[in-house]
Amino acid sequence: MSGDTANIARRWKELSGSTNWNNMLQPLDKDLRPYIIHYGERAQATYDTFIFNKISPFAGDSSFSKKHLFERTGLTKANPFKYEVTKFLYATSSIGLPEAYMVRSSAKNAGLKNTNWIGYVAVATDEGKAALGRRDIVIAWRGTIQVEEWLKDFDFPLVPAAPALGDKAREGKMHRGFLSVYTSDNPLSQHAKTSAKEQSTSEVKKLLDKYKNEEVSITVTGHSLGGALATISAADIALNGLNKVGNKTCPVTAFGFASPKIGDKKLADILNAANKDLHILLIRNIPDIVPASPVAPGYTNAGEELTINTLQSDFLSRVGNVAIWHDLEIYLHGIAGTQGSQKPFKLAIPRDISLVNKQTDALKENHSVPGSWWVSGNRGMTQGNDGKWTLNDHEKDDDKKKKRKKKKKRQSQSQRHIRPISFTSSVVLKILLLKLTKE
1 MSGDTANIAR
11 RWKELSGSTN
21 WNNMLQPLDK
31 DLRPYIIHYG
41 ERAQATYDTF
51 IFNKISPFAG
61 DSSFSKKHLF
71 ERTGLTKANP
81 FKYEVTKFLY
91 ATSSIGLPEA
101 YMVRSSAKNA
111 GLKNTNWIGY
121 VAVATDEGKA
131 ALGRRDIVIA
141 WRGTIQVEEW
151 LKDFDFPLVP
161 AAPALGDKAR
171 EGKMHRGFLS
181 VYTSDNPLSQ
191 HAKTSAKEQS
201 TSEVKKLLDK
211 YKNEEVSITV
221 TGHSLGGALA
231 TISAADIALN
241 GLNKVGNKTC
251 PVTAFGFASP
261 KIGDKKLADI
271 LNAANKDLHI
281 LLIRNIPDIV
291 PASPVAPGYT
301 NAGEELTINT
311 LQSDFLSRVG
321 NVAIWHDLEI
331 YLHGIAGTQG
341 SQKPFKLAIP
351 RDISLVNKQT
361 DALKENHSVP
371 GSWWVSGNRG
381 MTQGNDGKWT
391 LNDHEKDDDK
401 KKKRKKKKKR
411 QSQSQRHIRP
421 ISFTSSVVLK
431 ILLLKLTKE
């Protein structure tokens with residue numbers, strides 16, 4: 001994490017939208033800048049761990065386990081904001097979404113069928129809590145696979161929003177594709193027996209109960225499709241009172257990067273009216289066409305908007321395309337350097353420009369950073385003791401091991417409570433039995 005974070009613990013409520021970011025966006029507040037980037041990086045982790053390779057049996061899953069996700073995606077070194085991933089989220093769809101939404105493995109032994117890893121829930125550690133000023137619960141949603149293909153298959157009809165957001169949103173309508181990803185389940189699936197909606201909200205309830213005596217916040221983040229899901233997810237929690245902590249409610253904030261429009265004006269009005277607890281900030285890069293989509297009549301978005309323009313950056317090549325302008329790392333670079341519409345681009349915090357080329361080739365050549373450099377070692381190929389190379393691009397979670405350890409611990413504790421009969425007690429017992437027999 002780069003930039004001055006000293007004030008974040010003190011100002012977190014304001015930075016999370018308690019004033020709806022009034023007078024904080026143009027120009028961009030000096031503490032809000034690293035704050036937004038922080039949550040953008042939590043969304044970027046969903047791309048960095050995702051297995052895009054269709055020939056992998058684990059295509060569509062997370063490459064890294066919950067335990068190692070932040071370490072393996074570069075979010076632990078020199079970063080005061082420490083989190084622990086508590087749950088992985090999986091999604092399916094009941095309407096047969098195109099491949100731009102979900103990756104399908106071509107392997108015969110595919111682990112995920114019609115289901116994809118879609119994000120995670122994490123909670124601030126004690127160290128992270130000190131830096132953030134409260135116990136922060138993060139929900140991060142993964143975005144689109146192929147933006148160009150996604151735009152071709154984007155125009156889904158508007159449908160009632162109530163299945164996703166409940167009765168308070170019954171007058172509003174939502175993009176059918178987003179609603180399906182959020183609410184669909186598959187009883188035959190190992191990971192999506194319940195919907196992404198149920199998986200995320202149940203984990204939030206569990207964490208709120210665990211930390212009910214602390215000051216807590218819920219922050220939802222995502223990019224592209226994930227940006228849409230971030231708004232939907234945050235609205236679901238706030239509208240349905242799932243943010244209750246004891247007798248109070250905690251703030252719910254959505255940071256949506258490059259988010260498309262999710263529904264109609266009635267839905268936007270409902271979400272905007274819930275701004276006591278619900279705060280939505282959408283970040284839009286001017287050359288990116290996705291936030292203007294769908295172009296069909298009736299669509300709009302809720303919340304506040306921060307606009308950036310990465311065409312102003314002297315670090316980037318002037319040659320761009322839809323994918324580059326939409327890329328999340330390009331967005332984070334733009335946030336690091338935006339000075340508003342009237343002033344030239346200048347990096348206000350020393351964010352590593354190498355990150356720009358993580359999954360694109362957008363930097364000018366004089367920076368000597370190779371394009372699309374974020375790849376796993378040998379593309380997941382590992383050598384065994386027999387000298388043979390095999391694809392091993394998925395790190396298993398140790399949840400089952402933890403459950404077995406807990407079970408053994410409980411058994412061990414129960415056995416300790418059964419006190420063995422001492423020698424003296426044994427002798428006394430025998431005498432009593434003998435006496436009873438004689439009588």
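So the sequence shown is numbered by full-length UniProt numbering: it starts at 1 and just counts up by one. Every residue, glycine too, gets a C-beta built ideally from N, C-alpha and C.
Local Cβ density within 10 Å of residue i, reported as buried at 16 or more and exposed below that
i: M24; result: buried
i: K276; result: exposed
i: A52; result: One detail in the question is off: residue 52 reads as Phe in this sequence, not Ala. Its Cβ having fewer than 16 others within 10 Å, F52 is exposed.
i: W12; result: buried
i: T73; result: buried
i: W325; result: buried
i: H367; result: exposed
i: L28; result: buried
i: M381; result: exposed
i: V220; result: buried
i: Q359; result: buried
i: W389; result: exposed
i: T19; result: exposed
i: G340; result: exposed
i: K108; result: exposed
i: D209; result: exposed
i: L429; result: Note that L429 scores a pLDDT of 43, beneath 50, so its modelled location is shaky and nothing firm can be said.
i: P251; result: buried
i: A6; result: exposed
i: R10; result: exposed
i: residue 444; result: Not covered by the structure: residue 444. The range shown for the chain is 1 to 439.
i: V216; result: buried
i: I8; result: buried
i: K197; result: buried
i: N186; result: buried
i: Q199; result: buried
i: G128; result: buried
Residue j beta carbon less than 8 Å from that of residue i
i: A303; j: D264; result: The question names Ala, but residue 303 is Gly in the sequence shown. Against a cut-off of 8 Å, the Cβ pair of D264 and G303 comes out as no contact.
i: S293; j: P344; result: no
i: L282; j: N301; result: yes
i: H191; j: Y90; result: yes
i: I147; j: V290; result: According to the sequence shown, residue 147 is Val rather than Ile. Contact: yes.
i: K66; j: F88; result: yes
i: L207; j: I137; result: yes
i: A131; j: F70; result: no
i: G377; j: N357; result: no
Host beta strand (DSSP E) of residue i (start-end)
i: V216; result: 216 to 223
i: P160; result: 158 to 160
i: V121; result: 116 to 124
i: N272; result: Unbroken run through N272 is the alpha helix (DSSP H), 265 to 273; no beta strand (DSSP E).
Selected residue, minimal CA-CA separation from residue i, among the options
i: W374; options: L15, D29, A45; result: A45
i: F257; options: K13, N20, R42; result: R42
i: R351; options: N357, A336, K54, K358; result: A336
i: S195; options: V216, K212, T115, N272; result: T115
i: D272; options: G17, T49, I36, I8; result: Residue identity check: residue 272 is Asn in the sequence provided, not Asp. Comparing Cα-Cα distances from N272 to each of G17, T49, I36, I8, the minimum goes to G17.
i: V295; options: L306, I286, I262; result: I262
i: L355; options: A348, E14, L363; result: L363
i: F255; options: K248, I280, I270; result: I280
i: A162; options: H175, A348, L151; result: H175
i: P157; options: G177, T86, R318, L328; result: G177
i: F64; options: V85, Y39, N186; result: V85
i: N321; options: A348, N285, G133; result: N285
Residue i: first and last residue of the uninterrupted alpha helix (DSSP H) it sits in
i: F345; result: Premise fails: F345 is in no alpha helix (DSSP H) and is neither H nor E.
i: H333; result: 328 to 337
i: Q44; result: 32 to 48
i: F70; result: 69 to 72
Residue i at chain D interface by Cβ criterion, 8 Å
i: I8; result: Included in the structure is just one protein chain, with no chain D present.
Distance cut-off 7 Å: residue i Cβ against heavy atoms of the ligand ATP
i: T92; result: The ligand ATP is not part of this structure, which contains no ligands at all.
At least 3 beta-carbon pairs within less than 8 Å: the stretch 181 to 196 vs the stretch 221 to 238: yes
With three or more beta-carbon pairs closer than 8 Å as the criterion, would you say the stretch 109 to 129 touches the stretch 197 to 210? yes
Three CB pairs or more closer than 8 Å across the stretch 58 to 69 and the stretch 379 to 396: yes
Counting beta carbon pairs with one atom in the stretch 160 to 172 and one in the stretch 227 to 243, are three or more of them shorter than 8 Å? yes
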